[in-house]
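Novice: Before I ask anything, here is the structure I am working with.
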Amino acid sequence: MNDCYSPHTGEHIRTDNPADWMGRAGTPAPDYDPTLASAFWRGGDWEVVEAQSPANSVPAVVSMRQARLALHAAGLLDAVSTAIESMSGVEGDAARIEWEYAQEIRRDWPVVVAVGGELGLSNDQLDALFQSASLM
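Take this note's numbering: the final residue in the sequence shown is number 163, and no numbers are missing along the way.
This is the structure in structure tokens:
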């Protein structure tokens, strides 16, 4: 029973026991790797659509371990630590406490933008660091 699909989305449903609510195409869905694609019943034909990679999304938060490993891999860990150490005033004190004791680091943390700017990193480069960190 390789011809079942969701009547709401048209997406192929792999099942040996179709439920009454499932649509039936009458034609078997083509072979595809469900980890890389999905099949949809559209206009009387099956269409295989590749899955969209979530790799392009920028995580809002990464663990401090991930952040430090990504910075180390990019050759930026010492420069970031030095930049945070050199921050003055109450903001500098707070930044040093966060840098040393936080469990995670947020992409929208103002210190990320400030230190990134001081090191000449663009927003795209900061995003890439967060993406890299999320994979560690």
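In this text, a Cβ means the ideal position worked out from N, Cα and C, and glycines have one as well. These figures come from a predicted structure and were not determined experimentally.
What separation, rounded to the nearest whole angstrom, lies between the Cα atoms of Gln79 and Pro137?
Specialist: For Gln79 and Pro137, the distance between alpha carbons rounds to 31 Å.
Novice: Checking 8 Å against the spacing of the C-beta atoms, do Ala101 and Arg133 come in under that value?
Specialist: It is not a contact, given that the beta carbons lie outside the stated cut-off.
Novice: Taking Asp60 as the reference, which of Met49, Arg41 and Asn150 has the closest Cα?
Specialist: Ranking the options by Cα distance to Asp60, first place goes to Arg41.
Novice: In angstroms, rounded to a whole number, what distance separates the CA positions of Asp105 and Leu96?
Specialist: The straight-line gap from Cα to Cα measures roughly 12 Å.
Novice: Using C-beta distances below 6 Å, list every residue in its chain close to Val142, excluding the 5 sequence neighbours before and after it, in chain order.
Specialist: Around Val142: Val107 and Ala110.
Novice: Quick check: the segment 115-123 against the segment 55-74, are at least 3 beta-carbon pairs closer than 8 Å?
Specialist: The answer is no - the segment 115-123 does not touch the segment 55-74, with fewer than three Cβ pairs under 8 Å.
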